[in-house]
Structures are given as C-alpha cells and as structure tokens.
C-alpha cells in the first residue's frame, strides 16, 4: 500500500536534521539528482515601476555559531552532526567562532540547528 502525501510530509516533519540530511543523500543517490537550492533571477523586478521592488519574505537563512561556550566538545559534536564535517573541520569552525555553520536553509531547519547547538552549550544567530 502506498503512503499518502500527508503521511510522507508527517514522516519528514518528525526527522532530526541529521536524519533529514541522510535521507536527502539517499534520495540523491537513488534518483541521480541533487537537492540544490533553486535560485530564480528576476531582472525586471522593480525596474519598470522605477521604484524599489517590494520586500519578499525571506525564505533562506544562514546559521552562524556566535560563540562555542564552555562545552566546546559537545558543540563540535553537534556541528559535525549538522554539517557532516570531519572532526578537524568542525573543531576549526567551532574554535573560529563567529563562523557560518550552514547557509541557505529553510527557517525550520535553521531553528532546529540553533536548538541543537544551543542545547550543547553554544550560542547561535540566525541571519
């Protein structure tokens, strides 16, 4: 029996960021595609009206590690889980704070990353 669209969405909503990352990788491998963020160029936006284009709602966010806090090891573990970086790269990122952890992510994912890193003792900003 096939799952309904709502069941699939519910399943995805309940995934952790790490589970989502692995899931996306599996889908990319299975179907030979990549899940790159789509960018849409709008060269005419605001140009014809002579004024500024209306501000579009922000859909992509950047997660920045502002401070590693006192529990660097736990923060490094969370950064590795979120980004898939190796130990040295994650350690360098954490020790070099403020640094970007992840760019161009949806609000929900940015909030989840912030929650995980702050639970480990770090301080995170979403831009």
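In the numbering used here, the protein residues as written are 89 to 215. We put the CB at the ideal spot given by N, CA and C, even for glycine.
Sub-9 Å separation of residue i and residue j beta-carbons
| i | j | result |
| --- | --- | --- |
| residue 106 | residue 169 | yes |
| residue 47 | residue 111 | Lying before the first or after the last residue shown, residue 47 is absent from the chain, which here runs from 89 to 215. |
| residue 120 | residue 156 | no |
| residue 197 | residue 160 | no |
| residue 164 | residue 179 | yes |
Start-to-end residues for the alpha helix (DSSP H) that takes in residue i
| i | result |
| --- | --- |
| residue 93 | 93–101 |
| residue 196 | 195–208 |
| residue 107 | 105–119 |
Where the beta strand (DSSP E) containing residue i begins and where it ends
| i | result |
| --- | --- |
| residue 212 | 211–214 |
Rounded C-alpha distance that separates residue i from residue j
| i | j | result |
| --- | --- | --- |
| residue 171 | residue 95 | 27 Å |
| residue 92 | residue 102 | 16 Å |
| residue 154 | residue 213 | 6 Å |
| residue 207 | residue 146 | 26 Å |
| residue 176 | residue 167 | 11 Å |
| residue 90 | residue 104 | 24 Å |
| residue 185 | residue 117 | 33 Å |
| residue 181 | residue 187 | 6 Å |
| residue 126 | residue 113 | Caution is warranted here: a pLDDT of 49 is assigned to residue 126, below 50, making its placement in the model unreliable, and the coordinate value is therefore given only provisionally. If I take the Cα positions, the gap works out to 17 Å. |
| residue 158 | residue 211 | 10 Å |
| residue 215 | residue 203 | 15 Å |
At 4 residues or longer, and completely inside the region 153–189: list those alpha helix (DSSP H) runs for me, N to C.
160–171 and 175–183
Answer yes if the region 149–165 comes into contact with the region 188–207, meaning at least three C-beta pairs across the two stretches below 8 Å, and no otherwise.
yes
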